[in-house]
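Peer 1: Residue numbers (the UniProt record's numbering): 1 to 97.
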């Protein structure tokens, strides 16, 4: 069962023909021969590399990306629109001015 799951992970994410290929450094790549004798930590080096990429590179770039900033801006505009305000918020604003 572990061998089947390891092969599935490899073919989906790590193979050069993977459908959802993850970009990892060449030295971290696994060869298909390791799939013959899988073990619980066989993907650990790759997991660590991907974690560090997400932590130190991709996430911070995503937060600065146009797509995220535009989405955030549109959400803020929706929250501040009169339709989105509850009766309690409207009443609070009326009585506190």
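All C-beta atoms, glycine included, are put in the ideal place defined by N, C-alpha and C. Remember, it's a predicted structure, so these values are computed and weren't measured experimentally.
1) I'd like to check one pair, residue 9 with residue 43: are the Cβ atoms closer than 8 angstroms?
2) Have a look at residue 40 and residue 20 and give me their C-alpha separation to the nearest angstrom.
3) Going by DSSP in three states, residue 80 sits in which element: helix, strand or coil?
4) Just the C-alpha distance for residue 75 and residue 46, rounded to the nearest angstrom, thanks.
5) Could you name the residues of the same chain whose beta carbon sits closer than 7 angstroms to that of residue 62, not counting the 5 residues immediately before and after it, in chain order?
Peer 2: In short, the structure shows the following:
1) Along the chain shown, read from residue 1 onward, the residue named residue 43 stands at position 43. Along the chain shown, read from residue 1 onward, the residue named residue 9 stands at position 9. Yes, Cβ-Cβ distance for residue 43 and residue 9 is below 8 angstroms.
2) Residue 40 sits at position 40 when you count from the first residue of the chain shown. Residue 20 sits at position 20 when you count from the first residue of the chain shown. Distance between the alpha carbons of residue 40 and residue 20 is about 22 angstroms.
3) Position 80 of the chain shown, counted from the first residue, corresponds to residue 80. Looking at residue 80 - three-state DSSP - the assignment turns out to be helix.
4) Within the chain shown, the letter at position 75 stands for residue 75. Within the chain shown, the letter at position 46 stands for residue 46. A straight-line Cα-Cα distance of about 35 angstroms links residue 75 and residue 46.
5) Taking the first residue of the chain shown as 1, we reach residue 62 at position 62. Here the set comprises 68.
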